[in-house]
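First up is the structure itself, then whatever we jot down about it.
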Amino acid sequence: MKVFWDPIQLSHSPQFFLQRGRVRQNFEVPERAEILLAACNEMGLEINLPGLVDTRAINAVHSANYLAFLSDGPTAWNAMFDGGSEMVPNVHPTPEMFNQGAKPASTIMGQVGWFVADASCPITATTWPSAFAAASCAIAAANNVADGHPTYALTRPPGHHAYMERAGGHCYLNNAAVAAEQLRLLGAKKVAIIDIDSHHGNGTQGIFWDRADVLFASVHGDPNGYYPWYVGHVDELGGGDGFGCNINLPLARNTADAGWLEAIEYLITSIKKFESDALVISLGFDASEHEPLQFLAVTEDAFARAGALIAGLNLKSVIIQEGGYNKEMLGKLLRRFLEGFLSA
Ligand SMILES: [Zn+2]
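Each residue of the sequence shown is one higher than the last, beginning at 1 in my numbering.
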């Protein structure tokens, strides 16, 4: 199995994080990627740079204004009087404002609140190069999969909480959506995305909400008690042409292997019915029983089983790295999932 990875992704090193009213150290750290890379090397997987890629898929899933904000925002922020070292929002437009014609501001403070959903996504000058390199890995992996080889994109920062024009939940560019779009550009008529990160992939759902050519199928912790709090419910089925192409299976706190695998089997059955030509796997490891902000209680054996079950779909598959924050477990969980996937 080929791996796509670019060391530029290590340069993004967010510090600020807000949790339960306390400012804490952000836990989406470069070391996560170093651990995953070490696991790939231990498995003897071939590591490749993405190189220069066709960026049409990035421009298709993100707005031009948002991409300009990510790349140019830090310059404006650093020129601001008495600013901190990272761009962090402290005000957001509300639904009432949207209903009454809210518009993005031209000043950087107003833009940060518009384009960033929460306080987990600090932005500096190193954020854009890292996020762009991760999205490039997703594109390169999709290109490789088009020839029939399953491929792992070691994407960090992760992506599935990023909307068309909004960062959130440690995510800036939606790598899974970019991979799905690239597979469409390469000729796949329909693409399915299975998201097994323990958080709902709200950004991916949002990007493909009204599209019938991409199925989004997610198993995650119940948003009533877990990030992203407001979406990820079972009655979110997609809109317009995309109605029926969005499947959410929220699970109760402390759901263990049996319930998690049963949900994955249900998603696999739905993907078979959808009859897609290709698959994107949003692979997060935070469903682990050892996760620091533990909600689900999944063992490493179940990650191996999940890999085998998903590989059984026998579709051209791009594996995209999402979350997972237990540095002791990340390498082992990646190895178990990939070994399960490759054994099927
Ligand atoms: Zn997650």
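All residues carry an ideal CB built from backbone N, CA and C; glycine is no exception.
Quiz item: Roughly how many angstroms separate the alpha carbons of Pro93 and Gly307, rounded to a whole number?
Solution: As a working note, residue 93 is residue 93 in the sequence shown. As a working note, residue 307 is residue 307 in the sequence shown. Taking the straight line joining both Cα atoms gives about 40 Å.
Quiz item: In terms of alpha-carbon separation, which member of Ile268, Ser270 and Pro7 lies closest to Cys137?
Solution: Reading the sequence shown from its first residue, position 137 is the one you call residue 137. Checked all of Ile268, Ser270 and Pro7; the closest Cα to Cys137 is Pro7.
Exercise. Name all residues in chain order for which at least one heavy atom of ligand 1 lies closer than 5 Å to the residue's CB.
Key: Asp197, His199, Gly284, Asp286 and Gly323
Self-check item: Residue from Val214, Lys273 and Leu251 with nearest C-alpha to Cys245
Solution: Here residue 245 refers to the residue found at position 245 of the sequence shown. It is Val214.
Quiz item: On the premise that Gly259 lies in contact with Ser198, defined as a C-beta separation below 8 Å, what is that separation, rounded to the nearest angstrom?
Solution: Translated into the one-based positions of the sequence shown, residue 198 becomes position 198. Translated into the one-based positions of the sequence shown, residue 259 becomes position 259. In fact, because the Cβ distance is near 13 Å, the residues do not count as touching under 8 Å.
Practice problem: Can you check DSSP and say which residues form a bridge with Phe4? | Solution: Position 4 of the sequence shown, counted from the first residue, corresponds to residue 4. In DSSP, Phe4 forms a bridge with Asn48 and Ala153.
Self-check item: Through-space distance from Asn175 to His160, alpha-carbon basis
Solution: Position 160 of the sequence shown, counted from the start, is the residue given in the question as residue 160. Position 175 of the sequence shown, counted from the start, is the residue given in the question as residue 175. Approximately 7 Å, taken between the alpha carbons.
Quiz item: Thinking just about the alpha-carbon of each residue, which of Ala102, Val116 and Ser130 is nearest to the one in Leu10?
Solution: Residue numbering aside, residue 10 sits at position 10 when the sequence shown is read from its first letter. The residue with the shortest Cα to Cα distance from Leu10 is Ser130.
Exercise. May I ask you to verify whether the segment 107 to 120 touches the segment 276 to 290, counting CB pairs closer than 8 Å and requiring at least 3?
Key: no
Self-check item: For Gly110, the first and last residue of its enclosing alpha helix (DSSP H)
Solution: Counting from 1 along the sequence shown, the entry for residue 110 is found at position 110. Here the alpha helix (DSSP H) through Gly110 covers Ile108 to Phe115.
Quiz item: Does any CB atom of chain D fall closer than 8 Å to the CB of Phe295?
Solution: The question asks about chain D, but that chain is absent: this structure has only one protein chain.
Quiz item: Taking the alpha carbon of Ile139 as the point to measure from, which residue in Asp195, Asp147 and Asp54 has its own alpha carbon closest?
Solution: Sequence index remark: in the sequence shown, residue 139 carries index 139 (1-based). Ranking the options by Cα distance to Ile139, first place goes to Asp54.
Quiz item: With distances taken from CA atoms, which of Ser106, Lys316 and Glu96 is nearest Gly73?
Solution: In the sequence shown, counting from the first residue as 1, residue 73 sits at position 73. Nearest C-alpha to Gly73: Ser106.
Practice problem: State buried or exposed for Ile47, treating a residue as buried only when at least 16 other CB atoms are found within 10 Å of its CB. | Solution: Counted from its first residue, the sequence shown places residue 47 at position 47. Flag for Ile47 reads exposed.
Quiz item: Leaving out the 5 sequence neighbours to the left and right, which residues in its chain are closer than 7 Å to Glu275 when beta-carbon positions are compared?
Solution: Reading the sequence shown from its first residue, position 275 is the one you call residue 275. The residues are Lys190.
Quiz prompt | Integer-rounded CB distance, given that Glu265 should sit under 8 Å from Leu296 | solution = What you label residue 296 is simply residue 296 of the sequence shown in a count that begins at 1. What you label residue 265 is simply residue 265 of the sequence shown in a count that begins at 1. That belief does not hold up - the Cβ atoms of Leu296 and Glu265 are roughly 16 Å apart, past 8 Å.
Self-check item: Cβ-Cβ distance between Ile123 and Glu181 below 8 Å
Solution: Mapped onto the sequence shown, residue 123 falls at position 123. Mapped onto the sequence shown, residue 181 falls at position 181. Contact flag unset, no.
Quiz prompt | Straight-line Cα distance separating Gly83 from Trp77 | solution = As a working note, residue 77 is residue 77 in the sequence shown. As a working note, residue 83 is residue 83 in the sequence shown. Each residue's alpha carbon lies about 7 Å from the other.
Exercise. Can you have a look at Gly240 and say buried or exposed, based on whether 16 or more other CB atoms are within 10 angstroms of its CB?
Key: Start at 1 with the first residue of the sequence shown, and residue 240 comes out as number 240. Exposed, because fewer than 16 other Cβ atoms sit within 10 Å of the Cβ of Gly240.
Quiz item: What's the C-alpha gap between Gly44 and Gly110?
Solution: As a working note, residue 44 is residue 44 in the sequence shown. As a working note, residue 110 is residue 110 in the sequence shown. Between Gly44 and Gly110, the C-alpha separation is close to 47 Å.
Quiz prompt | Cβ neighbour criterion (16 or more within 10 Å) applied to Pro95 | solution = For the purposes of this step, residue 95 is taken as the residue at position 95 of the sequence shown. That one is exposed.
Self-check item: Backbone secondary structure at Asn326 - three-state DSSP
Solution: As a position in the sequence shown, residue 326 is number 326, starting the count at 1. Looking at Asn326 - three-state DSSP - the assignment turns out to be coil, as it is neither helix nor strand.
Practice problem: Give the range of the alpha helix (DSSP H) segment to which Ser71 is assigned. | Solution: Along the sequence shown, read from residue 1 onward, the residue named residue 71 stands at position 71. That run of the alpha helix (DSSP H) goes Ala64 to Asn78.
Quiz item: Looking at C-beta atoms only, is the number of pairs between the segment 64 to 71 and the segment 202 to 214 that lie closer than 8 Å three or more?
Solution: no
Exercise. Report the option in His12, His290 and Arg336 whose CA atom is closest to the CA atom of Ala125.
Key: As a first step, residue 125 must be located in the sequence shown, where it is residue number 125. For the residues His12, His290 and Arg336, the minimum Cα distance to Ala125 belongs to His12.
Quiz item: Cα separation between Phe216 and Ala177?
Solution: Residue mapping note: residue 216 aligns to position 216 of the sequence shown, counting from 1. Residue mapping note: residue 177 aligns to position 177 of the sequence shown, counting from 1. Cα to Cα, Phe216 sits roughly 10 Å from Ala177.
Quiz item: Secondary structure at Tyr163, three-state DSSP: helix, strand or coil?
Solution: Sequence index remark: in the sequence shown, residue 163 carries index 163 (1-based). Strand, per DSSP.
Quiz item: Do Phe81 and Tyr325 come within 8 Å of each other at the CB atom, strictly closer than that value?
Solution: Walking along the sequence shown from the start, residue 325 turns up at place 325. Walking along the sequence shown from the start, residue 81 turns up at place 81. Not closer than 8 Å, so no.
Practice problem: Within the same chain, show all residues whose beta-carbon is closer than 8 Å to that of Gly312, passing over the 5 residues directly before and after it, in chain order. | Solution: Locating residue 312 in the sequence shown gives position 312, counting from the first residue. Only Ile268 and Ala344 meet the Cβ criterion.
Practice problem: Take the Cβ of Glu262 as the centre, count every other Cβ of all protein chains shown within 10 Å, and call the residue buried at 16 or more, exposed below. | Solution: By one-based count along the sequence shown, residue 262 stands at place 262. The residue is exposed, with fewer than 16 neighbouring Cβ atoms inside 10 Å.
Quiz prompt | Start-to-end residues for the beta strand (DSSP E) that takes in Arg22 | solution = Here residue 22 is taken as the residue at index 22 of the sequence shown, counted from 1. Element bounds for Arg22: Arg22 to Gln25.
Self-check item: Inter-residue CB distance, Ala179 and Ala146 (contact presumed, cutoff 8 Å)
Solution: One-based indexing of the sequence shown puts residue 179 at position 179. One-based indexing of the sequence shown puts residue 146 at position 146. Contact flag wrong, Cβ pair sits at about 11 Å.
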